[in-house]
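Participant: Residue numbers (our numbering): 251 to 637.
Glycine is no exception: its CB is placed at the ideal position from the N, C-alpha and C atoms.
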Ligand code: TGC
Ligand code: FAD
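#1: Since residue 288 and residue 299 are thought to touch, with beta carbons under 8 Å apart, how far apart are those beta carbons, to the nearest angstrom?
#2: Three-state secondary structure (DSSP) at residue 437?
#3: Check residue 319 in the structure and name its three-state DSSP category.
#4: The alpha helix (DSSP H) spanning residue 306 covers which residue range?
#5: On the premise that residue 425 lies in contact with residue 379, defined as a C-beta separation below 8 Å, what is that separation, rounded to the nearest angstrom?
#6: Determine, using beta carbons only, whether residue 203 and residue 408 come nearer to each other than 8 Å.
#7: Residue 411 lies in the beta strand (DSSP E); which residues open and close that run?
#8: Considering Cα atoms alone, identify which of 583, 595 and 332 is closest to residue 351.
#9: Tell me the rounded alpha-carbon separation between residue 361 and residue 591.
#10: If you drop the 5 nearest sequence neighbours on each side, which residues of the same chain put their C-beta closer than 7 Å to that of residue 577?
#11: Secondary structure at residue 477, three-state DSSP: helix, strand or coil?
#12: Please classify residue 437: is it buried, with 16 or more other beta-carbons within 10 angstroms of its beta-carbon, or exposed?
#13: Can you name, in chain order, every residue of its own chain whose Cβ lies under 7 Å from the Cβ of residue 398, other than the five neighbours on each side?
#14: When you compare the region 480-492 with the region 309-320, are there three or more beta-carbon pairs, one atom per stretch, that lie closer than 8 Å?
#15: What number of angstroms, rounded off, separates the C-alpha of residue 532 from the C-alpha of residue 579?
#16: Since residue 512 and residue 535 should fall inside the 8 Å C-beta cutoff, what is the C-beta to C-beta distance between them, to a whole number of angstroms?
#17: Could you tell me the alpha carbon to alpha carbon distance between residue 368 and residue 322, rounded to whole angstroms?
#18: Starting from residue 525, follow its DSSP beta bridges and name the residues at the other end.
#19: Shortest alpha-carbon distance to residue 365 belongs to which of 477, 555 and 340?
#20: Identify every residue that forms a DSSP beta bridge with residue 468.
#21: Determine, using beta carbons only, whether residue 483 and residue 467 come nearer to each other than 8 Å.
#22: Could you tell me the alpha carbon to alpha carbon distance between residue 622 and residue 460, rounded to whole angstroms?
#23: Taking only the alpha-carbon atoms, compute the straight-line gap between residue 266 and residue 596 and give it to the nearest angstrom.
#24: Count the other C-beta atoms from every protein chain shown that fall within 10 angstroms of the C-beta of residue 497, then say buried if there are 16 or more, exposed otherwise.
#25: Provide the residue span of the alpha helix (DSSP H) that contains residue 333, from first to last.
#26: Any heavy atom of the ligand FAD closer than 7 Å to the beta-carbon of residue 469?
#27: Between the C-alpha atoms of residue 563 and residue 334, what's the straight-line distance to the nearest angstrom?
#28: Regarding residue 610 and the ligand FAD, is the C-beta to nearest heavy atom distance less than 7 Å?
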């Protein structure tokens, strides 16, 4: 009997199709050859590695699970594997792909007019037009139903006023999907860079997701035509539906970050000699590595089943909440423990663990905090909203 591998203990790969395995290998090679050599420097310099975008687009990773409009039309398991491999490199890179695909291309595809889809999706798949998603506001993100940004009809146009905060890709985006309250309920708008009254400013001095752009958006009497409104986006369920897409990808991405940390800790433990023997020969270190493996394996099985449910169109958003909560918590705990196994060296950017650990502090907060996902599952179990 072949022994299991440390990073795929239950041979989840054997449950993948040939196409799914090929896309995982393609993106895995890209991460090994193009991302890992420079990502620590980019993180250190607080710089998004924009030079990687053309190849990410060439591989068909942007909006890859959308059918038509020059998108790759992959299934959701393949999309998940892409997120896993990218986040094995860095959460910032997976964030970039999540936002472009799940939070910007998805709403245009799901709620946009045919004209909007034809105008934007092919260029977005090619990485020629970048997007950002503006839901969170300075006064809070967990309860978007209370958003203050509003849009008012003015003849055939809309006038938008408000501010958005903590917006990934904000200053590099050519278009922003802006969510605003109106007299008719929450509505979504495509706001183009350069529109009078619309500005974006970077949030600097972050100690997490340093290889990703995070911004504030300001909307001061921004006039957009009715043709910029997403016609099928009606109510809060529209932006929340986008979040379900992105959260699904994050469940896989977190596994990639955890695998990177386990890989590093396991290699280090095999060679680090303390008290006359490699630390991997001690019971405590073995138990800690085994625990990382146990938690990664559980997360892999969760995400694969989630992906199969999604491809079968049987996915409920509370199931995504459970996996986002479980898998990101798992990855953060694994990263923190790996950092400790590396000893003092573990606080250095020479190792990946601290970079992943710091990144995961954002991942556990964005796309719904851990508490919000616990409460979503709690509501599902009891039928009572405790938010
Ligand atoms: P609630 O009554 O639960 O829902 C209103 C309507 O929406 C439906 N719904 C969903 N639909 C699809 N997917 C979901 N996840 C959904 N959750 C709810 C729901 O069925 C209902 O539909 P209908 O037809 O009955 O009207 O709304 P609520 O106000 O009670 O709020 C629920 C709560 C707290 C779960 C929600 O507000 C929430 O998820 N809050 C967290 C906000 C959040 O996650 N923000 C993320 C911002 S984007 C981001 O962080 C990007 S980071 C990207 C990166 O860099 O990778
Ligand atoms: P708050 O909502 O103010 O919550 C503060 C604390 O209170 C949290 O611990 C929360 O869990 C807890 N809490 C809230 N409600 C309850 C309750 N009922 N019971 C108990 N505890 C509760 N947003 C976007 O729209 N687009 C983006 O592209 C985007 N990118 C991001 C990138 C980064 C790097 C980060 C860090 C955030 C990003 N966000 C983005 C914002 C993110 O979605 C929000 O930070 C998140 O939803 C939480 O909102 P908040 O920070 O305002 O916290």
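Facilitator: Per the coordinate set shown:
#1: With 8 Å as the limit, residue 288 and residue 299 qualify as a contact, their Cβ atoms being about 6 Å apart.
#2: If DSSP states are grouped into helix, strand and coil, residue 437 belongs with the strands.
#3: Here residue 319 carries a coil assignment [DSSP, helix/strand/coil].
#4: Run containing residue 306: 303-308, per the alpha helix (DSSP H) assignment.
#5: Contact between residue 379 and residue 425 holds: CB atoms are separated by about 6 Å, below the 8 Å threshold.
#6: Shown here, the chain extends from 251 to 637; a query on residue 203 therefore has no answer.
#7: Per DSSP, residue 411 belongs to the beta strand (DSSP E) from 407-418.
#8: Looking at the Cα atoms, 332 is the closest of the given residues.
#9: One C-alpha to the other measures close to 47 Å.
#10: Cβ contact annotation for residue 577 (same chain, cutoff 7 Å, sequence separation greater than five): 501, 504, 505, 549, 552 and 553, in chain order.
#11: If DSSP states are grouped into helix, strand and coil, residue 477 belongs with the helices.
#12: Buried.
#13: Here the set comprises 387, 389 and 412.
#14: Here the region 480-492 does not lie against the region 309-320, with fewer than 3 beta-carbon pairs under 8 Å apart.
#15: The alpha-carbon separation between residue 532 and residue 579 amounts to approximately 26 Å.
#16: In this structure, residue 512 and residue 535 do not form a Cβ contact; the two beta carbons are roughly 12 Å apart against a cut-off of 8 Å.
#17: Distance between the alpha carbons of residue 368 and residue 322 is about 15 Å.
#18: According to DSSP, residue 525 bridges with nothing at all.
#19: Closest by alpha carbon: 477.
#20: Under DSSP, residue 468 takes part in a beta bridge, and its partners are 413 and 449.
#21: Contact: no.
#22: Rounded to whole angstroms, residue 622 to residue 460 spans 25 Å at the Cα level.
#23: Cα to Cα, residue 266 sits roughly 34 Å from residue 596.
#24: Buried, since its Cβ has 16 or more Cβ neighbours within 10 Å.
#25: Segment 326-339, the alpha helix (DSSP H) holding residue 333.
#26: The beta carbon of residue 469 sits no closer than 7 Å to any heavy atom of the ligand FAD.
#27: For residue 563 and residue 334, the gap between their C-alpha atoms comes out near 21 Å.
#28: No, Cβ of residue 610 sits at least 7 Å from all heavy atoms of the ligand FAD.
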